[in-house]
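What follows is one structure encoded as structure tokens, with my remarks underneath.
In the numbering used here, the protein residues as written are 318 to 547.
Right, dumping it as structure tokens:
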């Protein structure tokens with residue numbers, strides 16, 4: 318079971334997050350989108366992703382901009398393991414997927430799908446032919462795109478999507494140590510993602526990871542997956 322932890326900001330907390338059991342770590346490279354306090358300067362992005370590579374941890378660059386040209390430029394500059402499109406005004410298409418491969422041949426593409434009703438099933442199936450991962454999330458905000466709401470959604474729909482598509486599905490949306498096992502048992506995804514419920518939030522949009530909660534999230538996810546033989 319892949320454990321994906323968002324949204325890292327500092328180098329030290331990134332190292333501690335990897336030590337706590339994260340398989341994927343995600344952050345928001347400096348861009349025209351997202352909460353300003355969450356955007357990470359590119360020199361720090363490279364330092365964090367270099368350490369992730371050294372450890373065999375997957376690096377994810379979160380795109381909250383709605384400008385595909387900016388996304389491609391960042392993909393080319395950073396060369397992350399995964400580029401995650403989460404903006405609320407742009408979604409990947411076959412042309413974008415091809416252009417990403419041209420500038421970042423080893424970068425995989427993840428598309429966020431807002432699960433607000435059963436129409437999400439068809440939307441997920443539309444992305445299947447040209448993405449490498451689908452992330453299912455809840456919430457839609459002007460500064461965070463799809464996700465970062467801290468709210469769960471209808472897991473019955475997610476379970477249907479996992480069965481309907483032939484690409485790995487990562488489950489997100491209000492997951493924490495308290496409910497990740499239940500989500501895995503209900504949905505049986507490829508991976509699980511946590512941001513809000515493994516973070517300490519401060520005024521002004523600043524936040525840091527709660528490493529004890531990150532560790533508990535990872536341990537509980539692994540235990541549930543082991544119980545199911547996943």
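Just so you know, even glycine gets a beta-carbon here, dropped at the ideal spot from N, CA and C.
Roughly how many angstroms separate the alpha carbons of residue i and residue j, rounded to a whole number?
i, j, result
"residue 416", "residue 402", "14 Å"
"residue 330", "residue 400", "21 Å"
"residue 432", "residue 469", "10 Å"
"residue 486", "residue 427", "9 Å"
"residue 349", "residue 381", "8 Å"
"residue 537", "residue 529", "12 Å"
"residue 365", "residue 353", "19 Å"
"residue 519", "residue 496", "24 Å"
"residue 392", "residue 371", "19 Å"
"residue 505", "residue 422", "30 Å"
"residue 531", "residue 430", "24 Å"
"residue 406", "residue 516", "26 Å"
"residue 451", "residue 441", "7 Å"
"residue 509", "residue 526", "16 Å"
"residue 552", "residue 367", "Because the chain spans 318 through 547 in this model, residue 552 falls outside it and cannot be assessed."
"residue 523", "residue 355", "7 Å"
"residue 396", "residue 443", "26 Å"
"residue 418", "residue 475", "28 Å"
"residue 340", "residue 480", "23 Å"
Is it buried or exposed for residue i, if we count other Cβ within 10 angstroms and need 16 for buried?
i, result
"residue 321", "buried"
"residue 436", "exposed"
"residue 325", "buried"
"residue 358", "exposed"
"residue 513", "buried"
"residue 454", "buried"
Which of helix, strand or coil does DSSP assign to residue i?
i, result
"residue 435", "coil"
"residue 328", "helix"
"residue 445", "coil"
"residue 429", "strand"
"residue 396", "coil"
"residue 452", "strand"
"residue 385", "helix"
From the DSSP secondary-structure annotation, give me the bridge partner or partners of residue i.
i, result
"residue 335", "None; residue 335 has no bridge partner."
"residue 615", "One cannot answer for residue 615 here, as it falls past the ends of the chain, which runs 318 to 547."
"residue 341", "321 and 375"
"residue 402", "380 and 428"
inquiry  = Just to confirm the assignment: which complete alpha helix (DSSP H) runs, minimum length 4, are found wholly within the region 347 to 374?
reply    = List check, alpha helix (DSSP H) in window: 359 to 372.
ask   = Which residue spans inside the region 479 to 526 form an unbroken beta strand (DSSP E) run of at least 3?
value = Counting whole runs of 3 or more residues, the region 479 to 526 contains the beta strand (DSSP E) stretches 486 to 488, 508 to 511, 516 to 518 and 524 to 526.
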